[in-house]
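Quick note on numbering: the sequence shown equals residues -23 to -1, 1 to 567 in mature numbering (1 follows the signal peptide of the UniProt record, and there is no 0). Backbone N, C-alpha and C define an ideal beta-carbon position, used for all residues, glycine too. Predicted model only: the values in this text are computed from it and were never measured. Worksheet: the structure to be examined is printed underneath.
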Amino acid sequence: MKSTRSYKILALAAVLSLGGLSACKEYLAVEPISQFDNQAVFSNVSNATLAVLGAYDPLSGDAGYGIRISMYYPYDSDEMMTSGNLDNGRRGIGRYDLRAGNTELTSSWNELYRGIERANLCIEQIPQMSLYTNGTAAEQKELRRLHGEALTLRAQYYLELIRTWGDVPAPLKPSYQQPDLFLEKEDRDKVYDLLLDDLKTATELVPWRTDAGVRNERITKGAVKALRARMALYRGGYSLRRDTKQMERRADHQKYYQIARDETHELMQRRDQHTLNASYEDLFKKYVNGLQPDPAYEIMFEVGSAGNSAQSDSKLGYYNGPRLDANSRYGQGGGGINALPTYFYAFDSTDVRRDVTITIYQVAANNLKSPQRLTTITDGKFRRDWRSPLLSGSAQNLGINWPLIRFSDVLLMFAEAENELKNGPTAEAIAAYEEVRKRAFKGDASKIGVTPTTKQEFFNAVANERYLEFGGEGIRKYDLIRWNLLDAKIKETRANLTDMLNATGKYANVPRYLFYRNNGEEMVFLNSLYKPTTLTTAPTGWTRVDWRQNITTTYVNSVAQYFTPNKSELFPINQAALDANPKLKQDYGY
């Protein structure tokens, strides 16, 4: 739940109007229409804190990580796909039928820039406060922390803009200081480099978690370092270039892998701050959906949610997760994101992550569970029936936080970067990789297989582990883009789905049907999910559900249906932004 943003600010609208946030240039020539001015708002630590909390606010809500950025934009990939038939909305995004007129692209673009504007104002004003240099030691410490938080928030907003749209306008000061509000696109490498420097500064300004006395809904040193490592890997990875219209990686990419390696390595020495939760299931069931803080602080930074509104909450568990009838004890929800059949079968049957990441059941009005068909199984990390306390009825905002980065990501980023820099895995890289993998099998090292020792094979292993570890967390598509593997993995997925349709190759044992009955409210199966069955008719007392039978050629072809390499890796700029700014133009063939 959103403990940080429960400070809801009555004066926030006034704070945010400072500096003339109107797009009208004439408005900038007059005094801001506000009951406070910059000097009043940034006159003490309390008011400056409110301003920074206001800079956090655009992270949440429908236009932020409450639904669009977290659940519309990262799909389709080789793990999940948006459910339903093609439209000019979220399904158009998922199928890569991307158009400037798709209104689902507009609000997030605006909200990210709103966050940048708020952060810019705090970054400008807080260091100018007399208390920043002349206050008490406690006041100076707190203002430096706020300054570091604002720098980190701005970096996160820009990271989302760049990985979604590529080169974008990049204002680095508040709009009231801009001589021209109509900005051209800025080269992403320059922006990334500046933000990486900002994040380095922020690591010296914000405290470690144990010194901060807050939950992970506010930024602390561990989160800054982890986010800096993530940004460095994007900077060092492939991206679609505006000039060549090709996916390219810069020659100096190892410089950025070194940043990622160093930041993650330092974090691995501070297990008193963040480490793996011993239970993968508890992490999501007990802590994320149970609305409780994770005692291991594996979740290093999460987007807080509260307020039961589209502007400040999230639809996690309502939009996605298993399909739940509104009249069930759990309330209505689910079905917005489907896990691909090939993703389900990518997990070892004993990997605990499978049944956390993917749900194969649905819940009827009488609370009985029944299997979904194989092409309609859903993601599972954010699910309404795991929420504690339960929230029955049709309320859409459930107060479930979005984990922005976890410590398992730190371990796997380190393993990846170390392997790249050392031309093969070191003992430390192998240990980091295996730590994540062992947890998936409840610590049983005999089940993790043999870790590769050559550079390419170890990279493949790390890439696959990220696939299994972060399913449904909005990471996979962007990993594949920075590795320039999205096109290849989409094609591979369709080929694998075709094999599954035909029960050939490694999918020869996937059963055509499942037969189940209820034991109380739970479901039990007559046959195995990993062995073919000769049964075609349900025995007395059992019910048949299509499993492999449900896969069709039409379904196979619908996955990322209109993906076009060297185009679809980035989104088109929404038409409203193009109309508002004459210096913006569409790129990448849109």
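- Boundaries for ASP523: no alpha helix (DSSP H) harbours it, while the beta strand (DSSP E) harbouring it runs 520 to 523, taken from the DSSP string.
- Non-local C-beta neighbours of GLY41 in its own chain, meaning closer than 6 angstroms and more than five positions away in sequence, comprise PRO35 and GLU88, ordered along the chain.
- Here the C-alpha atom of LEU389 lies approximately 30 angstroms from the C-alpha atom of TYR90.
- DSSP lists SER347 as the beta-bridge partner residues of GLN339.
- With fewer than three CB-CB distances shorter than 8 angstroms, the stretch 119 to 126 does not count as touching the stretch 56 to 71.
- Every unbroken stretch of the beta strand (DSSP E) spanning 3 or more residues and falling wholly within the stretch 364 to 413 is given here in chain order: 379 to 383.
- According to the DSSP assignment, ALA316 belongs to the beta strand (DSSP E) that extends over 314 to 316.
- Closest by C-alpha distance to GLU450, out of ILE407, LEU398, GLY125 and PHE359, is PHE359.
- For ARG494, the secondary structure class from DSSP, reduced to helix, strand or coil, is strand.
- When C-alpha distances from GLU411 are compared across LYS399, GLU397, GLY426 and LEU398, the shortest belongs to GLY426.
- Here GLY38 carries a coil assignment [DSSP, helix/strand/coil].
- In the structure shown, the three-state DSSP call for ASP144 is coil.
- LEU301 sits in a strand when the DSSP states are folded into three classes.
- Separation of ASN461 and ASN374 (C-alpha to C-alpha, rounded to the nearest whole angstrom) is 36 angstroms.
- With contact defined as three or more Cβ pairs closer than 8 angstroms, the stretch 331 to 349 and the stretch 67 to 83 are not in contact.
- Counting other Cβ atoms within 10 Å of its Cβ, PRO549 reaches 16 or more and is therefore classed as buried.
- DSSP places MET477 in no beta strand (DSSP E) but in the uninterrupted alpha helix (DSSP H) bounded by 463 to 478.
- Cβ atoms of GLU81 and TYR49 come within 8 angstroms of each other, at about 6 angstroms.
- Apart from the 5 residues on each side of it in sequence, ALA394 sits with its Cβ closer than 6 angstroms to the Cβ of TYR234, ALA237 and ARG238 in its chain, given in chain order.
- Here GLY281 is not near TYR296, since their CB atoms are 9 angstroms or more apart.
- Straight-line spacing of the CA atoms in LEU217 and ASN495 works out to 50 angstroms.
- The beta-carbon distance between GLU546 and LEU463, rounded to whole angstroms, is 6 angstroms. This is short enough to meet the 8 angstroms contact definition.
- Three or more beta-carbon pairs separated by less than 8 angstroms are not found between the stretch 24 to 32 and the stretch 265 to 278, which leaves the two stretches without contact.
- Residue pairing of MET224 in beta bridges, as defined by DSSP: LEU217.
- Counting only runs of 4+ residues, the alpha helix (DSSP H) found wholly inside the stretch 86 to 125 occupies 107 to 111, in chain order.
- Closest in alpha carbon position to ALA203, among GLU240, LYS292, VAL145 and ARG45, is GLU240.
- Under the criterion of beta carbons closer than 8 angstroms, GLY199 and HIS251 qualify as touching, at roughly 5 angstroms.
- Only exposed fits ASP174, as fewer than 16 other CB atoms lie within 10 angstroms of its CB.
- Excluding the 5 residues flanking it on each side, LYS466 has same chain C-beta neighbours closer than 6 angstroms at ASP55 and LEU457, in chain order.
- The straight-line gap separating the alpha-carbon atoms of LEU182 and HIS124 is approximately 7 angstroms.
- Within the model, the alpha-carbon separation for ASN315 versus TYR33 is close to 30 angstroms.
- The three-state reading of DSSP puts GLY310 in strand, counting E and B together.
- Following the DSSP letters along the chain, one finds THR510 in no alpha helix (DSSP H), marked with neither H nor E.
- Around the beta carbon of VAL201, a 10 Å sphere encloses 16 or more other beta carbons of the protein chains shown; the residue is thus reported as buried.
- Under the Cβ criterion (8 angstroms, minimum of three pairs), the stretch 259 to 268 does not count as touching the stretch 348 to 356.
- Using a Cβ distance threshold of 9 angstroms, PRO318 and VAL522 do not count as a contacting pair.
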